[in-house]
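Okay, so the sequence shown: first residue is 104 according to the numbering used here, each after it adds one.
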Amino acid sequence: MKKVVVKLSLHDEKEKQKALKKVSGLSGIDSISMDMKDKKLTVVGDVDPVEVVSKLRKTWYTEIVTVGPAKEEKKKDEPKKEEPKKDEKKPKDEKEQIADLIKAYKAYNPHMTQYYHVHSVEENPNACVIS
């Protein structure tokens, strides 16, 4: 994880949105923030600083301020209360697993799992009447 801080020559909110959109297209980004007061863009994630600068340099003057490891906020170590253990999940047999998968599939795509019964003329001789 890297934290890259880049100074840009932006003038208004529209340019800010364009810069954020350009940088958000890169892969491996966890968070992006922009400080318009100092005109600094902060990118956190597994991203190459050269890629960030090359994307932005096509449109704006870009200057790298800092590149370093992302600081993770450390929480104070509080004494943990022992919680009673909840019911541990028992391993399901194959039939239950298959039933769960079918339910999930039906919830995901209900149109593909509906069955229709179509009556044809051969099955019902009174379905079509020619007069």
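Virtual Cβ for every residue (Gly too), placed ideally from N, Cα, C. Since this is a predicted model, take the numbers as computed values, not measurements.
Taking all protein chains shown into account, Ala-122 has 16 or more neighbouring C-beta atoms within 10 Å of its C-beta and is therefore buried. Proximity to Ala-173 across Gly-128, Ile-135, Leu-111 and Gln-120 peaks at Ile-135, based on C-alpha coordinates. Comparing alpha carbon positions, the residue from Gly-128, Asp-203, Ile-201 and Tyr-208 closest to Val-155 is Gly-128.
In the three-state reduction of the DSSP assignment, Lys-110 falls in the strand class, which pools E and B. Assignment of beta-bridge partners to Lys-143 by DSSP yields Lys-110 and Asp-138. Only residues of its own chain outside the window of five on either side were considered, and among them Gly-148, Asp-149 and Val-150 have a CB closer than 8 Å to the CB of Gly-131, listed in chain order.
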